Amino acid sequence: MEANRLSFMGLSVDLKTLIIQHINRPTDLKNVCLVCKQLHEIAVRSLYYEVTLDVGSPNDTRLAAFLNPKNIGLKHVRKLDLYLADVLDKCGQLQQANFAIRMILELMPEDQLEKFSWHPWTPFSGDNLVLLYKKQRRMKWMESISLDREVLWELQQVPDIEKIFENVRKIGLYPDTREVMEFCHFLLKHTAHRKLDKITLHASFDEHDTSITSRELNDSATAPGLLTSTMFSHMLPFSKCTPIALKEITLQKIHLRYAAETYCKLIDFQSVKGIRLYGCSGADALFAELSKSTKLPDKLETLEVKHEDNADNDGLIAIEGFLCLVSGLKVLTLDIIDAKTLPAASGIVRHGKTLKTLNIHASTGPDNCDEELVYEHAAWTQICKECALLEQVSVAFPQVNVTRSKNDGFVNFENSLGHLPNLVTLNITTWPNNSPSSAKLPRKIYEHLLSGLAQQGFERSIAHAEDHDRSSKLAIIAFGSSDKVYDREDSQNQIIFVKGRQTDPLGNEKPAAVQIGWCLRKYMDAGPKSDILDFALTRTSRPPTRNEPDSEDSD
Numbered sequence: 001m002e003a004n005r006l007s008f009m010g011l012s013v014d015l016k017t018l019i020i021q022h023i024n025r026p027t028d029l030k031n032v033c034l035v036c037k038q039l040h041e042i043a044v045r046s047l048y049y050e051v052t053l054d055v056g057s058p059n060d061t062r063l064a065a066f067l068n069p070k071n072i073g074l075k076h077v078r079k080l081d082l083y084l085a086d087v088l089d090k091c092g093q094l095q096q097a098n099f100a101i102r103m104i105l106e107l108m109p110e111d112q113l114e115k116f117s118w119h120p121w122t123p124f125s126g127d128n129l130v131l132l133y134k135k136q137r138r139m140k141w142m143e144s145i146s147l148d149r150e151v152l153w154e155l156q157q158v159p160d161i162e163k164i165f166e167n168v169r170k171i172g173l174y175p176d177t178r179e180v181m182e183f184c185h186f187l188l189k190h191t192a193h194r195k196l197d198k199i200t201l202h203a204s205f206d207e208h209d210t211s212i213t214s215r216e217l218n219d220s221a222t223a224p225g226l227l228t229s230t231m232f233s234h235m236l237p238f239s240k241c242t243p244i245a246l247k248e249i250t251l252q253k254i255h256l257r258y259a260a261e262t263y264c265k266l267i268d269f270q271s272v273k274g275i276r277l278y279g280c281s282g283a284d285a286l287f288a289e290l291s292k293s294t295k296l297p298d299k300l301e302t303l304e305v306k307h308e309d310n311a312d313n314d315g316l317i318a319i320e321g322f323l324c325l326v327s328g329l330k331v332l333t334l335d336i337i338d339a340k341t342l343p344a345a346s347g348i349v350r351h352g353k354t355l356k357t358l359n360i361h362a363s364t365g366p367d368n369c370d371e372e373l374v375y376e377h378a379a380w381t382q383i384c385k386e387c388a389l390l391e392q393v394s395v396a397f398p399q400v401n402v403t404r405s406k407n408d409g410f411v412n413f414e415n416s417l418g419h420l421p422n423l424v425t426l427n428i429t430t431w432p433n434n435s436p437s438s439a440k441l442p443r444k445i446y447e448h449l450l451s452g453l454a455q456q457g458f459e460r461s462i463a464h465a466e467d468h469d470r471s472s473k474l475a476i477i478a479f480g481s482s483d484k485v486y487d488r489e490d491s492q493n494q495i496i497f498v499k500g501r502q503t504d505p506l507g508n509e510k511p512a513a514v515q516i517g518w519c520l521r522k523y524m525d526a527g528p529k530s531d532i533l534d535f536a537l538t539r540t541s542r543p544p545t546r547n548e549p550d551s552e553d554s555d
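Set out below in structure tokens:
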């Protein structure tokens, strides 16, 4: 009786469900599904919750099994991400993909999807979009993208169109033509007055397109530009509109020089918890406006900025001033190009009691040959001492040679990490080299030497923790930075090591640096606290290794 009571299969369905919810690796969930019918019914909920499909290839024939009514996982799909398959013969691929998508939308149970995303920067089928709006009326995420034909009039004729937007909490706006701007306005008009949590606005207009000039598109000192006046036309005049209360705002490739008269009136930044700016010219003007007492965010937890600065470093100065005024940041990411210095430590340590993720980078230029700036030892030590809650850190370290003993500068940076008892993930974006030798090492040998550096880092962390009567939480050490925007494959510009264990012949256990792929590390125990590795820096470079040989006979 005792044995039966303690066995997993003897537990109630609710307890089994709670346990299986902690399994996040898809292959493990698949294996659980194969154990028995009951576990299949439990595990399939998590396995099918988020589905990613490649369409437009001979593998589309497998969709028949996925869409079979007997597939008990189909009713649990909530998020569907679609990509164009990578095939050699792309002739007719888009038509085949559109047919596959239509089949998915026709056979998918109605009113169950929360998110539907088409990731390629190619026009989506207008017919399929209309079908999506008719079939799925409980979407929480909607996006406006380029379409192969105009469908706004058809969408407005969909019965009970307002009900489609009742559950929408996040919208993605990706304008690249006048037609898409009108589509963006359609989404904003139907969602902005509801409980909207997040807006992602990513402009991708062709610089060589003469039909829309930059001067016409962007805001000016005298009037809003075509972009804002079209998408937010229902809120004109902006000086009298009620700003949209959001939790998160992401702006990419948006001209912000005159944001004080447009975006700062359209968005209630005081209530925003997350601000992300990527490649936005004139971002310093936005930060200057937000630094005013009447506009200063009082709930801000996340700040991410990718910015190409000017010769006077106005952007860096504005960001530093903003950091010294706002409080309570938990995630801080700064990637600044054409900078003369790194952001001052004083603005970072102001958030020492709350900061958990720190991702700070600055370089003198956008090219690989341009130097990435490194903090002075005193400033770095101050940051580590004052920000003791940090769990994830990504910074440039002083140069070190992989074939020789570590220099004092690198060792001092490592020692400063001892002040971070909660550190789980460390990303060193500067590549160790083998100078003064002019010959580059083969990649396999370089990776082996790099694993030695990582292992020493794990050992140093353990030794420092033992000196302070605690255990080391450092589980991941990565070098370089990812150049992948989508999490579909491993980056060649980043090498990641996780802390494993090895036992010597005497039974003594010590850490071992084990190389792992960028995708797989997400399914480790420390995976949830390694999302700092997902951030793709503006400036990224491959490790200083020579190219792989063309054949096995080459050296």
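Mapping of the sequence shown onto UniProt numbering: position 198 corresponds to residue 198, and the numbering continues sequentially without gaps.
Beta carbons are placed, not taken as given, at the ideal position from N, Cα and C, and that holds for glycine.
Computed from a predicted structure; not experimentally measured.
Asked                                                                                                            : Found
Neighbourhood of L251 by C-beta, 6 Å cutoff - its chain only, sequence neighbours within 5 removed               : L201, L277 and C280
Close-in-space but distant-in-sequence residues of the same chain around K295 (CB under 8 Å, 5 per side omitted) : C264, F269, Q270 and E289
For A223: DSSP bridge partner residues                                                                           : Answer is none; A223 lacks a bridge partner.
Those residues which DSSP pairs with A513 across a bridge                                                        : K499
Same chain, Cβ closer than 8 Å to I124, five either side skipped, listed in chain order                          : The sequence shown places Phe at residue 124, not Ile. So the list reads W118, I145, S146, L147 and D148, once near-sequence residues are dropped.
Per DSSP, cross-strand counterpart(s) of Y278                                                                    : Q252 and K306
Bridge-paired residues (DSSP) for H361                                                                           : D335
Other residues of its chain near Y174: CB distance less than 6 Å, five sequence neighbours each side excluded    : I145 and H202
Collapsed DSSP secondary structure at T262 in the structure displayed                                            : coil
Distance CB(N76)-CB(R45) smaller than 7 Å                                                                        : A small correction: the amino acid at residue 76 is His; Asn does not occupy that position in the sequence shown. Cβ atoms of H76 and R45: closer than 7 Å.
Secondary structure of T17, DSSP reduced to three states                                                         : helix
D86: CB within 6 Å of a non-hydrogen atom of the ligand ATP                                                      : Looking for the ligand ATP in the displayed structure turns up nothing, as the structure carries no ligands at all.
Local Cβ density within 10 Å of S530, reported as buried at 16 or more and exposed below that                    : buried
Residue nearest to Y375 in terms of C-alpha spacing, selected from T341, L355 and H351                           : T341
Distance between F479 and residue 561 (C-alpha atoms, nearest Å)                                                 : Lying before the first or after the last residue shown, residue 561 is absent from the chain, which here runs from 1 to 555.
Assigned exposure category for V395 - 16 Cβ within 10 Å defines buried                                           : buried
Contact set for L131: own chain, Cβ-Cβ below 6 Å, skip 5 residues either direction                               : L105
Local Cβ density within 10 Å of T27, reported as buried at 16 or more and exposed below that                     : exposed
Inter-residue spacing [alpha-carbon to alpha-carbon] between S472 and G315                                       : 37 Å
Neighbourhood of S293 by C-beta, 6 Å cutoff - its chain only, sequence neighbours within 5 removed               : none
Length of the line joining the Cα atoms of S437 and H448                                                         : 18 Å
At least 3 beta-carbon pairs within less than 8 Å: the region 379–388 vs the region 349–365                      : yes
DSSP beta-bridge partners of R62                                                                                 : In the DSSP output, where bridge partners are listed per residue, R62 has none listed.
Option in L389, Y446 and S7 with minimal Cα separation from G418                                                 : L389
Cβ neighbours of T230 in the same chain (closer than 7 Å, five flanking residues each side left out)             : M181, E182 and H185
Coarse secondary structure for L132, derived from DSSP in three states                                           : helix
Of the residues A512, K522, D111 and I495, the one placed nearest R501, counting alpha carbons only              : A512
Length of the line joining the Cα atoms of R470 and R215                                                         : 59 Å
Per-residue burial, W431 [other beta carbons within 10 Å of its own, 16 or more giving buried]                   : buried
Backbone secondary structure at T122 - three-state DSSP                                                          : coil
Distance between beta carbons of L84 and P120, contact taken as under 8 Å                                        : 5 Å
Selection from Y258, E50, D483 and E459 that minimises the alpha carbon distance to I476                         : E459
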